[in-house]
Ligand code: IVH
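Residue numbers (the working numbering): -17 to 647.
Here you go:
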């Protein structure tokens, strides 16, 4: 009975997934969907014997950290030879014509610009997902791929009992933009383009995180002994009926003119697609003809890619200006004569950093090529040196901050220059305050960028602690701010004094201390005083606190002004200690113990074990040393760790013993 109910819920949820993620036409509300999912999760929890890795409930992923297994491809994953011009496409057509000595059809498809994947299905169930790797073998990323909602975990209809399907995993533009906005706010390095974002995500060792990145997949190539049809296009249509997302743009062409019409149309229209494409793929439609044409070592003779030209324009470089961000990073920006590029007027282009300026050998007045590639911001790719008549001044990266005049610095291993004057450089001050009041930080609503700017200009706000000494009178005298808004700001400021310690720590805006790191630090040091007086060695001992973060924390608390600000915040009544209930929840059975986690586990994920250790007063450390109390050892523990543990006489403890240790508390 329960088994049938589980099965029914799984089927219905998969159908809703398909409607939503493949067809883009949901038939139930999110609420109804969530309700059904909750029922399924509850039933599966009650009856673990019916566990199925392909259940829709598994699409949320898990954070178990198991290194990817390498898997050999049954059919090597070849690449395509590229063409860039009408002549080269004509050459391909002539070669095929000559070799076949018969009529043939071509299929034109979009060339998706993501990361390729090969899926194996057995009896309608997804059993394996492998990356391209070196073409011969790739990484088994099945757990991650299961989280991609548009990829069917179980198929519908009359599919072959065993087959492979290949396609492209992509991060849609909208998700890419959202991810980069978040990354910028968290001071994490930005993804250069959706392709890197997709391949990076697929290689994450945490399928929870993969699930949150909302990847998508388009499929374009079937392989197997018993494919249903004799032509590629019909096989793709079949695959669509089994539940795969295939491209609507696929077109059977009888002549090269048809191919050109397709190319011309999609070169423009692709800009309206939700995902990145970088060309089209032309394939011989008949599988018999494909076989007769065969393969070269690197690519099939029956297909070719035509790459779209990156759109380029030639214009003059008038000047270079430098922008200083909230973190002090200085970005050079080229100011150009306005020029049309892919439907927009481009006046500015990013120059990224000093190394790029140098490698371009830029001079003011140069005619430069601007391109919009996979990236959103246009960039300068080359200088037309032949167009130089009079050579202007060479562009040299500035030495001083354009906002505050401080000498710029360049940290080891980083391409960017920074203004180190964190507390007195206007954009950095304002940026720090904006970060402090943000929703995930102190959540002081009503204090937006404009108000902060006004308060700053009126000398009412020059550091975060000033927020707590703002008077009603200060606020209402500002233009554009009514007394109601001023009152709301005051209320929000008061309320922020209840924000828990870990979020206060995040709000301070210490470089590299994002939400998660702030939490780790708060749980490891319990109060601000202990964090202030800690040192680099103790910091790196904390799990997941690396050298870069440790250095940044030490640097922050060794600055007198920062210390003054923190003390003032404490006096104003902000939470500077972990709350009592969190402290209590932490327990003490592991207090003072340094524990290393190694291997893969059955009962809980690695992150869950980490949290348990910390909650019970222990410290999770990354590497085995004489100070290690014991190793929580799962299956397939790393051989290096094992050797070290044996050499140092460190005890290994299995999952079950560890769990019973905690229960005894
Ligand atoms: S067919 C034997 N079709 O482009 C070749 N590939 O440069 C089978 N790609 O590795 C590939 N869109 O990752 C094919 N419609 C499409 C494609 C496509 C993107 C990627 C794929 C392949 C690479 C080759």
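Backbone N, C-alpha and C fix where the C-beta goes; we use that ideal spot for every residue, glycine too. Note that the coordinates shown come from a computational prediction; the quantities given were computed from them, not determined experimentally.
Buried versus exposed call for residue i [16 or more other C-beta atoms within 10 Å across all chains shown]
{"i": "residue 192", "result": "buried"}
{"i": "residue 350", "result": "buried"}
{"i": "residue 393", "result": "exposed"}
{"i": "residue -11", "result": "exposed"}
{"i": "residue 491", "result": "buried"}
{"i": "residue -17", "result": "exposed"}
{"i": "residue 535", "result": "buried"}
{"i": "residue 67", "result": "exposed"}
{"i": "residue 26", "result": "buried"}
{"i": "residue 71", "result": "buried"}
{"i": "residue 90", "result": "buried"}
{"i": "residue 129", "result": "buried"}
{"i": "residue 353", "result": "buried"}
{"i": "residue 211", "result": "exposed"}
{"i": "residue 189", "result": "buried"}
{"i": "residue 77", "result": "exposed"}
{"i": "residue 621", "result": "exposed"}
{"i": "residue 7", "result": "exposed"}
{"i": "residue 633", "result": "exposed"}
{"i": "residue 171", "result": "exposed"}
{"i": "residue 94", "result": "buried"}
Straight-line Cα distance separating residue j from residue i
{"i": "residue 422", "j": "residue 1", "result": "33 Å"}
{"i": "residue 122", "j": "residue 57", "result": "15 Å"}
{"i": "residue 132", "j": "residue 221", "result": "13 Å"}
{"i": "residue 238", "j": "residue 99", "result": "30 Å"}
{"i": "residue 474", "j": "residue 431", "result": "16 Å"}
{"i": "residue 200", "j": "residue 253", "result": "17 Å"}
{"i": "residue 116", "j": "residue 152", "result": "19 Å"}
{"i": "residue 216", "j": "residue 183", "result": "32 Å"}
{"i": "residue 572", "j": "residue 477", "result": "35 Å"}
{"i": "residue 40", "j": "residue 323", "result": "44 Å"}
{"i": "residue 641", "j": "residue 625", "result": "25 Å"}
{"i": "residue 402", "j": "residue 310", "result": "7 Å"}
{"i": "residue 174", "j": "residue 340", "result": "20 Å"}
{"i": "residue -2", "j": "residue 406", "result": "54 Å"}
{"i": "residue 469", "j": "residue 591", "result": "45 Å"}
{"i": "residue 13", "j": "residue 30", "result": "25 Å"}
{"i": "residue 47", "j": "residue 582", "result": "Residue placement at residue 47 is poorly supported in this model, since its pLDDT is 45, which falls under 50; the coordinates are not used for a value here."}
{"i": "residue 214", "j": "residue 38", "result": "30 Å"}
{"i": "residue 606", "j": "residue 472", "result": "50 Å"}
{"i": "residue 194", "j": "residue 158", "result": "12 Å"}
{"i": "residue 466", "j": "residue 11", "result": "38 Å"}
Residue nearest to residue i in terms of C-alpha spacing, selected from the options
{"i": "residue 232", "options": "88, 294 and 135", "result": "88"}
{"i": "residue 75", "options": "240, 104 and 199", "result": "240"}
{"i": "residue 155", "options": "134, 180, 185 and 113", "result": "180"}
{"i": "residue 562", "options": "639, 482 and 573", "result": "482"}
{"i": "residue 493", "options": "507, 531, 519 and 501", "result": "531"}
{"i": "residue 118", "options": "440, 281, 634 and 499", "result": "281"}
{"i": "residue 388", "options": "359, 312, 452 and 245", "result": "312"}
{"i": "residue 142", "options": "37, 208 and 83", "result": "208"}
{"i": "residue 399", "options": "306, 385 and 354", "result": "306"}
{"i": "residue 308", "options": "418, 242 and 95", "result": "418"}
{"i": "residue 553", "options": "448, 470, 601 and 581", "result": "448"}
{"i": "residue 136", "options": "186, 35, 341 and 12", "result": "35"}
{"i": "residue 635", "options": "177, 620, 622 and 611", "result": "611"}
{"i": "residue 429", "options": "609, 457 and 520", "result": "457"}
{"i": "residue 577", "options": "548, 545, 637 and 564", "result": "637"}
{"i": "residue 277", "options": "81, 551 and 104", "result": "81"}
{"i": "residue 446", "options": "-4, 134, 551 and 345", "result": "551"}
Contact test: residue i Cβ vs the ligand GDP heavy atom, cutoff 6 Å
{"i": "residue 9", "result": "In terms of ligand content, the structure shown lacks the ligand GDP and carries the ligand IVH instead."}
Practice task
Tell me, please, whether the region 539 to 546 touches the region 420 to 438 by the rule of three or more beta-carbon pairs shorter than 8 Å.
Solution key: Counting Cβ pairs under 8 Å, fewer than three are found: no touch.
Problem - Stretch pair the region 408 to 421 + the region 512 to 522: three plus CB contacts closer than 8 Å - result: Short answer: they don't touch.
Exercise for the section: Give a yes or no on contact between the region 469 to 487 and the region 576 to 590, applying the rule of three or more CB pairs nearer than 8 Å. Expected result: No, the region 469 to 487 does not touch the region 576 to 590.
Exercise for the section: Flag this pair as touching only if the region 9 to 26 and the region -16 to -1 have three or more C-beta atom pairs under 8 Å; answer yes or no. Expected result: Yes: at least three Cβ pairs fall under 8 Å.
Exercise for the section: Say whether the region 99 to 113 touches the region 133 to 149, bearing in mind that this needs 3 or more beta-carbon pairs closer than 8 Å, one atom from each stretch. Expected result: A contact is defined here as three or more CB-CB pairs under 8 Å, and the region 99 to 113 meets this definition with respect to the region 133 to 149.
Exercise for the section: Mind the definition here: the region 554 to 561 touches the region 495 to 513 only if three or more C-beta pairs lie below 8 Å; say whether that holds. Expected result: Contact between the region 554 to 561 and the region 495 to 513 is present, because at least three Cβ pairs lie under 8 Å.
Problem - Stretch-stretch touch, CB-based, cutoff 8 Å, three pairs: the region 364 to 382 with the region 322 to 331 - result: With a cut-off of 8 Å, the region 322 to 331 and the region 364 to 382 do not count as touching, because too few Cβ pairs lie within range.
Handout entry: Inter-stretch contact (C-beta, 8 Å, three-pair minimum) for the region 290 to 304 and the region 315 to 325
Key = Because the criterion of three Cβ pairs below 8 Å is met, the region 290 to 304 and the region 315 to 325 touch.
Handout entry: At least three beta-carbon pairs within less than 8 Å, the region 615 to 635 to the region 594 to 601
Key = Per the Cβ contact rule, the region 615 to 635 is not in contact with the region 594 to 601 (fewer than 3 Cβ pairs under 8 Å).
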